[in-house]
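*Asks:* Have a look at this one before I ask anything.
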Amino acid sequence: MGPTPRRWITGTKLAAVIVLTASVLVAPSAIATTSVAITAQHGSGTESTVRIHEIQGTTRLSPLTGQQVTDVPGIVTAVRAFGSARGFWFQDPNPDSDPRTSEGLFVFTSRETPAVQPGDSVLVTGTVAEFRPVRSGEDPELSSNQTVTELTDARWTVVSSGNELPAAAVLGPESVPDAMAPDAGGENIEPLTLEPRRHALDFWESLEGMRVRVFDARVVGRTDRFNGLWITTKPQQNPTPRGGTVYLSYDRPNTGRLKVESLIPFDQHPFPRADVGDALRGTTEGPLDYTRFGGYVLRASVLGEHVSGGLARERTRAQCPWELAVATYNVENLSARDGQEKFDRLAGGVVENLARPDVVTLEEIQDNSGPASDGVVTADKTLQRFVDAIVAKGGPRYQWRQIDPVDKQDGGQPGGNIRQVFLFNPSRISFVDRPGGDATTPVQVRREHAQAALSVSPGRIDPENSAWQDSRKPLVGEFVFLGRKVFVVANHFSSKGGDQPMHGRFQPPDRVTEVQRVQQAKLVRGFVDQLTETDPWATVLVAGDLNDYVFSPTLHELLNGGVLRSPLAELPGAEQYTFVFEGNSQVLDHVLVSRNVRRAEVDVVHLNAEFHDQASDHDPQVVRLWSAAARSRPVGTAPGLAG
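All the letters of the sequence shown, read from the start, carry residue numbers -32 to -1, 1 to 611 under mature numbering (1 follows the signal peptide of the UniProt record, and there is no 0).
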């Protein structure tokens, strides 16, 4: 079987005297050091024996990259015997005293399973390489991911077997620094000398390839479809009431998060199907690696016992007769081609968990043919199945309003033509239909009977503006509730795909996609300004997947000027999340209300994001607006739902 194509970062041949100072690292604390000088002739054709900590060096890049090393000693600690990147980790049982230098290393054997076992004492000869894990088609030289130091083209001798494994580095609550990474002004941190006591990424890098161990680890990111989950090594770091770790600001990235994957064959030990708040009781240990899917990862050769935390899916209360309940729900690429189970679960969420809201703004409704790139843009079959499923669950027969997009112009899964949709309960609220709205016609604000009105309803906000390139255009609808006019803007801003990762080599990471979302926010806020300037008492809601945080420039732009406010931002910080990404519980979905709405109660209904068996990757939320019947009056004569 031929080798799997694999690209490495090349290095410069060096002639150097390497001074060793290292330690077995159990926490970021100093241990007494000794120094030994070893001369290595690199690039002269003379091979030399070196130790693992020499190969790893004091930065992220090996000083010996591209060089052959001979008879490097160590004990095999773990074997990867599956996939196209097989190999083994080995570790020096006699570490030096420098906390910057790792004592572990991966030996890459491509698709060949190496004939070694944990506990084997080996001497390994091979070429030092820096492998950068990238997505298919991505240029390693341009990728934001860090590299993994490894040996390639390797051969080895087993000196003895059954040896005791080198001590694992125990990860406790104080092990990982709170600061994420050195500030390199957005530049590459790989050449920088590691400071493992100051920066989390440096700490993890100083353990690359080494055995690490964590006890009674709490799960903060559910098991995904690739059999990975996230734990925290810092259980008191920004915990949520439901067992997660909440992401509250760019400078508080929750450094204790660590991904866990298994080296144990699943037929011997099935990977746990874990939810947030569960635990891996006892010991979880294995070599520390780095992956393009989340950064540093513990490749577990020992998995703790999966213990359920008993996390329950939430249910909100039903609205009172005088309350208007508006929900937003990203249903993750729902199309008529999906199985009935997905429709039923999403419908159950609307009926049972969201308690039959009056209006639901849906995001990621696909056309009738789903991801097939066939020119179909209509979504009536998708929506009819969803509405029918809601009725079957005991809910009302919702009506819908939407606008078919231009084919392949709104981003999302290729061929799917995702769009926003209004569902509304006609027994509770009426939709004001104004004809003429289509994919390219911009909606305008008019004044009718001393109130704001839309030129078309439903309509789209400035749909041909470049801010909406390859992104969903906002959908605006005009409603009447208890004789009062209500405007709802359904949004799905451009995604974060393309931003540099928190765990990457460029620090601080560049959030390049933020620019487009800020432009989108300006357009939406400008439209809301037109509504409220035309009618200062207009009741306006801006809802949907804004793909950004409460503390982001996007939300700052939307809230700028004080016309809109965020009920969600008024919740305790630990409750502000609708999505879980890489173990961070974070907000992407919002319902903003116009400032004149004085009573707005928000409830984020956690039924998806924290669970391994989710119907969507987003949690919905509902906002209930209070309207006093005693103050009611016909449309055009009183301050809407101001309360």
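For every residue, glycine included, the Cβ atom is placed at its ideal position computed from N, Cα and C.
Do Val44 and Ile23 come within 8 angstroms of each other at the CB atom, strictly closer than that value?
*Replies:* What you label residue 23 is simply residue 55 of the sequence shown in a count that begins at 1. What you label residue 44 is simply residue 76 of the sequence shown in a count that begins at 1. Contact: no.
*Asks:* Along the chain, where does the beta strand (DSSP E) containing Glu253 start, and where does it finish?
*Replies:* Counting from 1 along the sequence shown, the entry for residue 253 is found at position 285. Judged by DSSP secondary structure, Glu253 falls within the beta strand (DSSP E) whose first and last residues are 247 to 259.
*Asks:* Should the region 89 to 96 be regarded as contacting the region 447 to 464, the criterion being three or more beta carbon pairs within less than 8 angstroms?
*Replies:* no
*Asks:* How would you write the range of the alpha helix (DSSP H) that Arg123 sits in, first residue to last?
*Replies:* The sequence position of residue 123 within the sequence shown is 155, counting from 1. Where Arg123 is concerned, there is no enclosing alpha helix (DSSP H), although the beta strand (DSSP E) it sits in stretches over 116 to 128.
*Asks:* Rounded to whole angstroms, what is the Cα-Cα separation between Val126 and Ile20?
*Replies:* Within the sequence shown, the letter at position 158 stands for residue 126. Within the sequence shown, the letter at position 52 stands for residue 20. C-alpha separation (whole angstroms): 17 angstroms.
*Asks:* Mind checking which residues open and close the alpha helix (DSSP H) that includes Thr95?
*Replies:* Mapped onto the sequence shown, residue 95 falls at position 127. No alpha helix (DSSP H) holds Thr95; the beta strand (DSSP E) holding it covers 89 to 99.
*Asks:* Apart from the five residues just before and just after Thr77, which ones in its own chain have a Cβ nearer than 8 angstroms to its Cβ?
*Replies:* For the purposes of this step, residue 77 is taken as residue 109 along the sequence shown, with counting starting at 1. Cβ neighbours of Thr77 beyond the five flanking positions: Arg54, Gly55, Phe56, Ala122.
*Asks:* Please return the same chain residues whose Cβ sits closer than 7 angstroms to the Cβ of Pro521, not counting the five positions on each side in sequence.
*Replies:* In the sequence shown, residue 521 corresponds to position 553, counting from 1. Cβ within range, chain order: Glu482, Val486.
*Asks:* The alpha helix (DSSP H) spanning Leu290 covers which residue range?
*Replies:* For the purposes of this step, residue 290 is taken as residue 322 along the sequence shown, with counting starting at 1. For the record, residue 290 in the displayed sequence is Trp; it is not Leu. For Trp290, there is no enclosing alpha helix (DSSP H), since its DSSP letter is neither H nor E.
*Asks:* Roughly how many whole angstroms lie between the Cα atoms of Gly512 and Thr329?
*Replies:* Along the sequence shown, one-based indexing puts residue 512 at 544. Along the sequence shown, one-based indexing puts residue 329 at 361. In a straight line, the C-alpha of Gly512 is about 7 angstroms away from that of Thr329.
*Asks:* So, do the region 392 to 411 and the region 317 to 334 have three or more beta carbon pairs nearer to each other than 8 angstroms?
*Replies:* These segments touch.
*Asks:* Residue range of the alpha helix (DSSP H) that Thr500 falls in?
*Replies:* Along the sequence shown, one-based indexing puts residue 500 at 532. 482 to 502 is the extent of the alpha helix (DSSP H) around Thr500.
*Asks:* DSSP three-state label for Gly316, please.
*Replies:* Counting from 1 along the sequence shown, the entry for residue 316 is found at position 348. Secondary structure at Gly316: helix, using DSSP grouped into helix, strand and coil.
*Asks:* For Gln59, which of helix, strand or coil comes out of DSSP?
*Replies:* Translated into the one-based positions of the sequence shown, residue 59 becomes position 91. In the structure shown, Gln59 sits in a strand (DSSP, three-state: E or B).
*Asks:* In the DSSP assignment, what residue or residues form a beta bridge with Lys453?
*Replies:* Walking along the sequence shown from the start, residue 453 turns up at place 485. According to DSSP, which records beta bridges pairwise, Lys453 is partnered with Val448.
*Asks:* So, using beta-carbon positions, are Ala242 and Val180 closer together than 8 angstroms?
*Replies:* Stepping through the sequence shown from its first residue, residue 242 is reached at position 274. Stepping through the sequence shown from its first residue, residue 180 is reached at position 212. No, the Cβ-Cβ distance between Ala242 and Val180 is not below 8 angstroms.
*Asks:* Would you report the Cα separation of Gln484 and Ala49, rounded to the nearest angstrom?
*Replies:* To locate residue 484, count along the sequence shown from 1; it is residue 516. To locate residue 49, count along the sequence shown from 1; it is residue 81. Looking at the two C-alpha atoms, the distance is approximately 44 angstroms.
*Asks:* In whole angstroms, what separates the C-alpha of Asp503 from that of Trp594?
*Replies:* What you label residue 503 is simply residue 535 of the sequence shown in a count that begins at 1. What you label residue 594 is simply residue 626 of the sequence shown in a count that begins at 1. If I take the Cα positions, the gap works out to 20 angstroms.
*Asks:* Roughly how many angstroms lie between the CA atoms of Gln59 and Gly42, to the nearest whole one?
*Replies:* In the sequence shown, residue 59 corresponds to position 91, counting from 1. In the sequence shown, residue 42 corresponds to position 74, counting from 1. Distance between the alpha carbons of Gln59 and Gly42: 5 angstroms.
*Asks:* Assuming Phe390 is part of the beta strand (DSSP E), what are its boundary residues?
*Replies:* Here the question's residue 390 lines up with position 422 in the sequence shown. Note, Phe390: beta strand (DSSP E), 387 to 392.
*Asks:* With DSSP as the reference, please indicate the residues paired to Pro207 in a beta bridge.
*Replies:* Taking the sequence shown and counting its residues from 1, the one referred to as residue 207 is at position 239. Beta-bridge pairing links Pro207 to Thr213.
*Asks:* For Val270, collect the residues of the same chain with a Cβ closer than 6 angstroms to its Cβ; drop the 5 residues on either side in sequence, then sort them by chain order.
*Replies:* Your numbering for residue 270 matches position 302 in the sequence shown. For Val270, where only same-chain residues beyond five positions count, the Cβ hits under 6 angstroms are Thr251, Glu253.
*Asks:* Please determine if the region 299 to 317 and the region 350 to 361 are in contact, where contact requires at least 3 C-beta pairs separated by less than 8 angstroms.
*Replies:* yes
*Asks:* Between which two residues does the alpha helix (DSSP H) holding Leu527 run?
*Replies:* Sequence index remark: in the sequence shown, residue 527 carries index 559 (1-based). Unbroken alpha helix (DSSP H) run through Leu527: 521 to 527.
*Asks:* By a C-beta neighbour count over all protein chains shown, 10 Å radius and 16 as the cutoff for buried, is Ser276 buried or exposed?
*Replies:* For the purposes of this step, residue 276 is identified with residue 308 of the sequence shown, where counting begins at 1. Looking at its Cβ environment, which holds fewer than 16 other Cβ atoms inside 10 Å, Ser276 is exposed.
*Asks:* Along the beta strand (DSSP E) that carries Thr38, what are the first and last residues, could you check?
*Replies:* One-based indexing of the sequence shown puts residue 38 at position 70. Segment 36 to 48, the beta strand (DSSP E) holding Thr38.
*Asks:* Ignoring anything shorter than 3 residues, give me the beta strand (DSSP E) runs that lie fully in the region 166 to 207, in order along the chain.
*Replies:* 179 to 189, 197 to 200
*Asks:* Who are the Cβ neighbours of Arg353 in its own chain at under 7 angstroms, not counting the five residues just before and after it?
*Replies:* Along the sequence shown, read from residue 1 onward, the residue named residue 353 stands at position 385. Cβ within range, chain order: Ala304, Phe311.
*Asks:* Suppose you measure from the CA of Trp198 to the CA of Leu133; what does that come to, to the nearest Å?
*Replies:* Here residue 198 is taken as the residue at index 230 of the sequence shown, counted from 1. Here residue 133 is taken as the residue at index 165 of the sequence shown, counted from 1. Each residue's Cα considered, the two are about 25 angstroms apart.
*Asks:* Enumerate in chain order the residues of its own chain whose CB-to-CB distance from Ala268 is below 8 angstroms, with the five nearest sequence positions on each side excluded.
*Replies:* Counting from one through the sequence shown, the residue named residue 268 turns up at place 300. So the list reads Val228, Glu229, Ser230, Leu231, Ile232, Thr252, Glu253, Gly254, once near-sequence residues are dropped.
*Asks:* Assuming His586 and Asp557 make a contact with CB atoms under 8 angstroms, what is their CB distance in whole Å?
*Replies:* One-based indexing of the sequence shown puts residue 586 at position 618. One-based indexing of the sequence shown puts residue 557 at position 589. Rounded, the Cβ-Cβ distance is 6 angstroms, consistent with contact.
*Asks:* Roughly how many angstroms separate the alpha carbons of Lys464 and Val18, rounded to a whole number?
*Replies:* Residue mapping note: residue 464 aligns to position 496 of the sequence shown, counting from 1. Residue mapping note: residue 18 aligns to position 50 of the sequence shown, counting from 1. Going by the C-alpha atoms only, they are around 43 angstroms apart.
*Asks:* Taking the C-alpha atoms as reference points, what is the distance between Gly34 and Gly529?
*Replies:* On the sequence shown, residue 34 is found 66 positions in, with the first residue counted as 1. On the sequence shown, residue 529 is found 561 positions in, with the first residue counted as 1. Within the model, the alpha-carbon separation for Gly34 versus Gly529 is close to 57 angstroms.
*Asks:* Where Thr27 and Glu158 are concerned, what is the direct C-alpha to C-alpha distance, given to the nearest angstrom?
*Replies:* Within the sequence shown, numbered from 1, the residue matching residue 27 stands at position 59. Within the sequence shown, numbered from 1, the residue matching residue 158 stands at position 190. Answer to the nearest angstrom: the Cα atoms are 6 angstroms apart.
*Asks:* Using only alpha-carbon positions, find the residue among Arg260, Val413, Gly379 that is nearest to Gln114.
*Replies:* In the sequence shown, counting from the first residue as 1, residue 114 sits at position 146. That would be Arg260, whose Cα lies nearest to the Cα of Gln114.
*Asks:* Who are Leu266's beta bridge partners in DSSP?
*Replies:* Counted from its first residue, the sequence shown places residue 266 at position 298. For Leu266, which the question treats as bridged, DSSP gives the partners Val228, Leu256.
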